[in-house]
Amino acid sequence: MTKYDFDSSIDRRNSDSGKWTRYPDDILPLWVADMDFRCPPPVIDALHDRVEHAVFGYAGDPAELRAIFCAHLAEQYGWDVAPEAIVFLPGLVSGINVAARTVGAPGDGVLVCTPVYGPFLSSVDLQSRSLRNAPLAASANHHNGQDALYYEMDFAAIEQATTADTRLHILCNPHNPVGRAFNRRELETLAEHCLRHDLVICSDEIHCDLLLDGAQHIPIAALDPEIAARTITLMAPSKTYNLPGLGCSMAIIPDAELRKRFQRAAAGIVPHVNVLGLVAAQAAYSQCADWLEELQRYLTDNRNFTLQFVKQNMPALAITIPEATFLAWFDCRNAGILGNPYDFFLNNARVALNDGAWFGPGGKGFVRLNFGCPRATLAQALERMAEALSANR
Ligand SMILES: Cc1ncc(COP(=O)(O)O)c(C=O)c1O
Numbered sequence: 179m180t181k182y183d184f185d186s187s188i189d190r191r192n193s194d195s196g197k198w199t200r201y202p203d204d205i206l207p208l209w210v211a212d213m214d215f216r217c218p219p220p221v222i223d224a225l226h227d228r229v230e231h232a233v234f235g236y237a238g239d240p241a242e243l244r245a246i247f248c249a250h251l252a253e254q255y256g257w258d259v260a261p262e263a264i265v266f267l268p269g270l271v272s273g274i275n276v277a278a279r280t281v282g283a284p285g286d287g288v289l290v291c292t293p294v295y296g297p298f299l300s301s302v303d304l305q306s307r308s309l310r311n312a313p314l315a316a317s318a319n320h321h322n323g324q325d326a327l328y329y330e331m332d333f334a335a336i337e338q339a340t341t342a343d344t345r346l347h348i349l350c351n352p353h354n355p356v357g358r359a360f361n362r363r364e365l366e367t368l369a370e371h372c373l374r375h376d377l378v379i380c381s382d383e384i385h386c387d388l389l390l391d392g393a394q395h396i397p398i399a400a401l402d403p404e405i406a407a408r409t410i411t412l413m414a415p416s417k418t419y420n421l422p423g424l425g426c427s428m429a430i431i432p433d434a435e436l437r438k439r440f441q442r443a444a445a446g447i448v449p450h451v452n453v454l455g456l457v458a459a460q461a462a463y464s465q466c467a468d469w470l471e472e473l474q475r476y477l478t479d480n481r482n483f484t485l486q487f488v489k490q491n492m493p494a495l496a497i498t499i500p501e502a503t504f505l506a507w508f509d510c511r512n513a514g515i516l517g518n519p520y521d522f523f524l525n526n527a528r529v530a531l532n533d534g535a536w537f538g539p540g541g542k543g544f545v546r547l548n549f550g551c552p553r554a555t556l557a558q559a560l561e562r563m564a565e566a567l568s569a570n571r
């Protein structure tokens with residue numbers, strides 16, 4: 179028996195949803211990374227109570243949320259973080275850009291591993307830094323009788339891309355779009371590389387709770403205090419509890435000097451977090467563990483459903499087996515599609531995915547699908563995609 183309903187479809191077309199209003203009504207949107215589920219009941223209750231109060235002044239320091247979040251980090255990862263190490267932000271993309279401004283000077287190198295979430299790349303440009311790209315290594319992996327795509331960090335490429343003027347590494351863990359929850363060995367090797375080259379790490383861990391099939395998340399800063407001292411870790415309740423429109427996230431910066439520089443780079447530009455975002459975050463981190471467990475099971479089933487469907491009905495597509503996130507990454511290069519697969523599926527299947535090219539080098543010919551939706555919506559989208567592919571033969 180499940181306590182929460184992830185199966186019912188909620189009409190978001192007449193809401194303020196970017197996901198559901200960008201395309202005409204006959205298009206099924208499985209693109210931008212929010213989910214089509216109601217957020218957990220304790221969050222809704224806490225928001226109701228706060229709205230009833232009816233005064234929405236500036237927020238004070240959220241001391242209780244700091245304490246709750248630190249307890250969460252200790253319990254989940256055995257990571258002891260002092261409450262003052264947390265800097266609240268209205269969004270992770272702000273955090274990435276502030277990190278890029280904080281570290282080094284214009285022209286300095288920023289190491290990234292593509293394909294990766296587009297704003298990693300744009301932050302390098304917007305903050306006048308230089309891109310040092312070490313593409314992830316992709317290989318075919320056989321899993322349950324299915325050829326799957328598997329991505330790993332390529333440490334030879336990382337070494338080569340790290341020039342003398344490289345100051346910052348922006349890490350995505352778990353990784354959007356390839357779905358890896360990087361393991362301890364990979365993270366330790368990366369951490370050792372960053373130490374050796376004196377790189378600051380900005381670790382975007384926004385997807386850290388969306389673990390599938392019992393996967394484990396390891397914050398890179400939790401490996402060792404020496405690594406924590408050079409790391410800006412970005413986390414948020416937004417993906418996990420489906421609250422991205424409420425704009426509350428956290429930068430965890432244990433080193434006081436680095437934190438001061440980060441706060442200075444944000445000052446006067448990045449606004450404070452709004453009171454509703456703080457209230458929602460507190461309820462999410464303190465009262466929603468059972469909801470999250472059910473969500474993880476539902477997303478794991480959606481992932482498995484997608485894998486099975488693709489194997490049976492779209493075998494020309496190669497697909498990742500996400501260990502975390504609600505995002506699947508499809509290699510469409512052998513599917514006989516002329517032109518861009520994003521356009522193909524939009525026009526022929528009436529399904530909106532993300533164009534792989536947005537994720538930088540290594541993304542062309544790929545699409546990303548968001549399976550954070552009721553199973554019936556997912557099934558309908560996949561059926562339409564399979565029909566479009568078979569009509570194309
Ligand atoms: C890896 C990653 N970082 C950041 C974000 C966006 O964060 P925010 O909405 O808090 O700016 C997303 C959203 O898809 C993401 O996947």
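Each residue of the sequence shown is one higher than the one before, starting from 179 at the first, in the numbering used here.
The C-beta atom is built at its ideal place from N, Cα and C for all residues, glycine as well.
A quick note: this is a predicted structure, and the numbers were derived from the prediction, not measured.
Residue i: CB within 8 Å of a non-hydrogen atom of ligand 1
i, result
"H385", "yes"
"S427", "yes"
"N319", "no"
"I274", "yes"
"A211", "yes"
"G269", "yes"
"S381", "no"
"N420", "no"
"K197", "no"
"P297", "yes"
"K574", "Nothing can be reported for residue 574, as the shown portion of the chain is limited to 179 through 571."
"A277", "no"
"N354", "yes"
"K350", "Checking the displayed sequence, the identity of residue 350 turns out to be Cys instead of Lys. Yes; taking the cut-off as 8 Å, the Cβ of C350 has a heavy atom of ligand 1 nearer than that."
"A462", "no"
"A496", "no"
"A414", "yes"
Counted within 10 angstroms of its Cβ, other Cβ atoms place residue i as buried (16 or more) or exposed
i, result
"D382", "buried"
"F234", "exposed"
"S272", "buried"
"P552", "buried"
"Q394", "exposed"
"Y476", "buried"
"G541", "buried"
"E262", "exposed"
"M179", "exposed"
"D227", "exposed"
"G296", "buried"
"G285", "exposed"
Sequence-distant residues of the same chain with beta carbon closer than 8 Å to residue i, five excluded per side
i, result
"A458", "C217, V221, A224, L225, P415, Y419, L421, L424 and C426"
"P405", "One point to set straight first is that residue 405 is Ile, not Pro, in the sequence displayed. So the list reads A369, C372, L373, I379, I398 and A399, once near-sequence residues are dropped."
7 Å CB neighbourhood of residue i in its chain, flanking five on each side removed
i, result
"G269", "G425 and S427"
"A461", "P220, V221 and A224"
"F247", "I264, M428 and Y463"
"A245", "P261"
Identity of the residues DSSP links to residue i by a beta bridge
i, result
"S300", "Note: S300 sits in no beta bridge, so no partner."
"V271", "Partner(s): none; V271 has no beta bridge."
"I613", "Residue numbering for the chain in the displayed model covers 179 to 571; residue 613 lies beyond these limits and cannot be assessed."
"N548", "L505"
"D533", "V545"
"R190", "Answer is none; R190 lacks a bridge partner."
"F266", "M428"
"L289", "R310 and H347"
"N319", "A326"
Other residues of its chain near residue i: CB distance less than 6 Å, five sequence neighbours each side excluded
i, result
"A315", "E330 and D332"
"V356", "Y329, T498 and W507"
"T292", "N311, P313, G538, P539 and G540"
Continuous alpha helix (DSSP H) assignments of at least 4 residues falling wholly in the segment 196-250: 196-199 and 219-231
Quick one: complete beta strand (DSSP E) runs, 3+ long, within the segment 409-465? 409-413 and 427-430
Report the residue ranges of all beta strand (DSSP E) runs contained in full by the segment 359-408; include only those spanning at least 3 residues, in chain order. 378-382
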